[in-house]
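Position 47 of the sequence shown, counted from 1, bears residue number 1084 in this note's numbering, the numbering being contiguous throughout.
Here the structure comes first, spelled out in C-alpha coordinates, and everything after it is commentary.
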Amino acid sequence: MVRIHPLHYRSSNGRLMFQNILDGYDSVAKTYPSVVLNVPETVSRRMDFDLSDSETMLVSSILKHSDVMLNMFSTMVIEAAIFDLPSVNVCIREKCRADFGRSRQDIMIDYVQTHNQRVVQTGGVKTVFTMNELYDAVNLYLDKPETDEAGRELIIKNEAGSFRGNAGETIGNHILSLAGCYPQGK
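So this is what it looks like as C-alpha coordinates:
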(Lines of atoms letter the chains of each structure in order from A and count residues from 1; the text may use other names and numbers.)
(Lines give C-alpha, C1' and ligand atoms only; values in the text may rest on other atoms or scores of the structure.)
Protein backbone atom coordinates (compact mmCIF):
# COMPACT_ATOMS: atom_id res chain seq x y z
CA MET A 1 0.00 0.00 0.00
CA VAL A 2 1.17 3.49 -0.83
CA ARG A 3 -0.32 6.18 1.38
CA ILE A 4 0.01 9.40 -0.61
CA HIS A 5 1.05 12.39 1.49
CA PRO A 6 -1.74 15.00 1.68
CA LEU A 7 0.80 17.64 0.61
CA HIS A 8 0.74 16.17 -2.89
CA TYR A 9 -2.83 17.43 -3.29
CA ARG A 10 -1.90 21.06 -2.66
CA SER A 11 -3.21 23.34 -5.38
CA SER A 12 -2.46 26.80 -6.67
CA ASN A 13 -4.84 28.68 -8.95
CA GLY A 14 -7.00 25.58 -9.22
CA ARG A 15 -4.15 23.34 -10.40
CA LEU A 16 -2.49 20.56 -8.44
CA MET A 17 1.09 21.62 -7.75
CA PHE A 18 2.38 18.02 -7.65
CA GLN A 19 0.41 16.55 -10.54
CA ASN A 20 3.58 14.97 -11.96
CA ILE A 21 4.15 13.07 -8.71
CA LEU A 22 0.52 11.95 -8.58
CA ASP A 23 0.81 10.79 -12.20
CA GLY A 24 3.91 8.81 -11.20
CA TYR A 25 1.97 7.07 -8.42
CA ASP A 26 -0.82 6.23 -10.87
CA SER A 27 1.70 4.85 -13.35
CA VAL A 28 3.25 2.57 -10.73
CA ALA A 29 -0.19 1.35 -9.62
CA LYS A 30 -1.17 0.58 -13.23
CA THR A 31 2.11 -1.23 -13.89
CA TYR A 32 2.03 -3.26 -10.68
CA PRO A 33 -1.49 -4.50 -9.82
CA SER A 34 -0.42 -5.41 -6.27
CA VAL A 35 0.23 -1.73 -5.50
CA VAL A 36 -2.73 -0.08 -3.80
CA LEU A 37 -2.87 3.70 -3.61
CA ASN A 38 -4.47 5.19 -0.51
CA VAL A 39 -5.59 8.75 -1.22
CA PRO A 40 -6.05 11.01 1.81
CA GLU A 41 -9.35 12.76 2.31
CA THR A 42 -8.75 16.24 3.68
CA VAL A 43 -11.37 18.35 5.45
CA SER A 44 -10.07 21.80 4.61
CA ARG A 45 -9.46 23.31 1.19
CA ARG A 46 -6.76 25.55 2.68
CA MET A 47 -4.80 23.07 4.78
CA ASP A 48 -3.77 19.91 2.96
CA PHE A 49 -3.00 18.10 6.23
CA ASP A 50 -6.38 18.74 7.91
CA LEU A 51 -7.74 15.20 8.13
CA SER A 52 -11.17 14.05 9.28
CA ASP A 53 -11.53 11.80 12.32
CA SER A 54 -12.27 8.83 10.06
CA GLU A 55 -9.11 9.56 8.06
CA THR A 56 -7.07 9.70 11.26
CA MET A 57 -8.53 6.33 12.28
CA LEU A 58 -7.64 4.93 8.84
CA VAL A 59 -4.02 6.09 9.17
CA SER A 60 -3.86 4.51 12.63
CA SER A 61 -5.21 1.26 11.21
CA ILE A 62 -2.68 1.33 8.38
CA LEU A 63 0.15 1.78 10.87
CA LYS A 64 -1.17 -0.95 13.16
CA HIS A 65 -1.45 -3.51 10.37
CA SER A 66 1.68 -2.69 8.36
CA ASP A 67 4.94 -4.62 8.52
CA VAL A 68 7.30 -1.78 7.62
CA MET A 69 6.92 1.89 6.66
CA LEU A 70 8.97 3.73 4.06
CA ASN A 71 8.93 7.51 4.04
CA MET A 72 11.02 10.60 3.51
CA PHE A 73 11.61 12.17 6.94
CA SER A 74 7.97 12.58 7.88
CA THR A 75 6.50 12.94 11.35
CA MET A 76 4.87 9.60 10.52
CA VAL A 77 8.08 8.05 11.91
CA ILE A 78 6.89 9.15 15.35
CA GLU A 79 3.43 7.67 14.82
CA ALA A 80 5.00 4.47 13.48
CA ALA A 81 7.17 4.23 16.60
CA ILE A 82 4.05 4.46 18.76
CA PHE A 83 2.77 1.37 16.92
CA ASP A 84 6.23 -0.25 17.18
CA LEU A 85 6.31 -0.27 13.38
CA PRO A 86 9.80 -0.43 11.82
CA SER A 87 10.45 2.59 9.58
CA VAL A 88 12.92 3.44 6.85
CA ASN A 89 13.76 6.99 5.77
CA VAL A 90 14.38 6.88 2.02
CA CYS A 91 17.18 9.31 1.21
CA ILE A 92 18.20 8.14 -2.25
CA ARG A 93 19.12 11.37 -3.97
CA GLU A 94 19.97 9.89 -7.36
CA LYS A 95 16.41 8.52 -7.69
CA CYS A 96 14.88 11.96 -7.19
CA ARG A 97 13.94 13.96 -10.23
CA ALA A 98 14.23 17.30 -8.53
CA ASP A 99 15.74 20.70 -9.06
CA PHE A 100 18.55 20.48 -6.51
CA GLY A 101 19.18 24.20 -6.99
CA ARG A 102 15.92 24.68 -5.08
CA SER A 103 17.02 23.45 -1.67
CA ARG A 104 13.54 22.36 -0.58
CA GLN A 105 13.60 19.66 -3.25
CA ASP A 106 16.91 18.19 -2.10
CA ILE A 107 16.29 15.26 0.24
CA MET A 108 19.70 15.84 1.83
CA ILE A 109 18.39 19.13 3.22
CA ASP A 110 15.76 17.11 5.11
CA TYR A 111 18.35 14.60 6.25
CA VAL A 112 20.52 17.20 8.01
CA GLN A 113 17.66 19.05 9.73
CA THR A 114 18.04 19.08 13.51
CA HIS A 115 14.57 17.68 14.18
CA ASN A 116 15.16 14.80 11.76
CA GLN A 117 18.63 14.07 13.12
CA ARG A 118 17.18 13.95 16.62
CA VAL A 119 14.94 11.06 15.48
CA VAL A 120 17.65 9.38 13.38
CA GLN A 121 20.11 9.47 16.29
CA THR A 122 17.77 7.36 18.46
CA GLY A 123 18.56 4.35 16.28
CA GLY A 124 14.82 3.71 15.99
CA VAL A 125 14.64 4.30 12.25
CA LYS A 126 16.93 3.30 9.42
CA THR A 127 18.02 5.86 6.83
CA VAL A 128 19.08 4.49 3.46
CA PHE A 129 21.04 6.19 0.69
CA THR A 130 21.11 3.46 -1.99
CA MET A 131 18.65 0.96 -3.42
CA ASN A 132 20.71 -1.90 -1.98
CA GLU A 133 20.51 -0.36 1.49
CA LEU A 134 16.74 -0.01 1.00
CA TYR A 135 16.34 -3.68 0.08
CA ASP A 136 18.52 -4.73 3.02
CA ALA A 137 16.64 -2.55 5.53
CA VAL A 138 13.21 -3.71 4.38
CA ASN A 139 14.23 -7.36 4.41
CA LEU A 140 15.83 -7.02 7.86
CA TYR A 141 12.68 -5.47 9.30
CA LEU A 142 10.46 -8.08 7.65
CA ASP A 143 12.63 -10.91 8.99
CA LYS A 144 13.25 -9.37 12.43
CA PRO A 145 10.65 -6.68 13.22
CA GLU A 146 12.04 -6.33 16.74
CA THR A 147 15.21 -4.79 15.26
CA ASP A 148 15.64 -1.20 16.53
CA GLU A 149 12.75 -1.61 18.99
CA ALA A 150 14.69 0.16 21.77
CA GLY A 151 15.30 3.08 19.42
CA ARG A 152 11.60 3.30 18.60
CA GLU A 153 10.92 3.51 22.34
CA LEU A 154 13.38 6.42 22.49
CA ILE A 155 11.57 8.15 19.63
CA ILE A 156 8.34 7.93 21.60
CA LYS A 157 9.99 9.13 24.82
CA ASN A 158 11.85 12.01 23.15
CA GLU A 159 9.25 13.17 20.63
CA ALA A 160 5.82 12.22 22.00
CA GLY A 161 6.38 12.08 25.74
CA SER A 162 4.13 10.14 28.02
CA PHE A 163 0.54 9.62 26.96
CA ARG A 164 -1.82 10.31 29.78
CA GLY A 165 -4.98 10.48 27.64
CA ASN A 166 -6.12 13.93 28.72
CA ALA A 167 -4.20 16.37 26.51
CA GLY A 168 -7.29 18.39 25.55
CA GLU A 169 -8.28 18.98 29.17
CA THR A 170 -4.71 19.85 30.16
CA ILE A 171 -4.33 22.35 27.31
CA GLY A 172 -7.74 23.88 28.06
CA ASN A 173 -6.88 24.29 31.74
CA HIS A 174 -3.55 25.88 30.84
CA ILE A 175 -5.23 28.38 28.51
CA LEU A 176 -7.79 29.21 31.21
CA SER A 177 -5.01 29.74 33.75
CA LEU A 178 -3.17 32.08 31.35
CA ALA A 179 -6.39 34.07 30.97
CA GLY A 180 -6.68 34.32 34.75
CA CYS A 181 -9.65 31.95 34.82
CA TYR A 182 -9.73 28.64 36.54
CA PRO A 183 -11.80 25.60 35.61
CA GLN A 184 -14.80 24.84 37.80
CA GLY A 185 -14.01 22.57 40.69
CA LYS A 186 -10.29 23.44 40.69
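No residue lacks a Cβ here, since even glycine has one placed at the ideal position from N, Cα and C.
Ranked by Cα distance from Ser1111, the options Ile1129, Glu1131, Asp1147, Ser1089 are led by Asp1147. Non-local C-beta neighbours of Met1168 in its own chain, meaning closer than 7 Å and more than five positions away in sequence, comprise Ile1129, ordered along the chain. Setting aside the 5 residues that flank it on each side, Leu1177 is surrounded in the same chain by Thr1184, each with a C-beta closer than 7 Å to its C-beta; the list follows chain order. Here the region 1155-1169 makes contact with the region 1114-1127; the two share three or more CB pairs at distances below 8 Å. Linking Lys1067 to His1042 through their CA atoms gives a straight-line distance of about 19 Å. By the criterion of a C-beta distance shorter than 7 Å, Glu1131 is surrounded by no residue of its chain, once the five residues flanking it on both sides are discounted. Here the alpha carbons of Ala1118 and Lys1101 stand approximately 10 Å from one another. Between Ile1192 and Val1157, the CB-CB gap reaches or exceeds 7 Å.
If you draw a straight line from the Cα of Lys1194 to the Cα of Thr1159, it is about 10 Å long.
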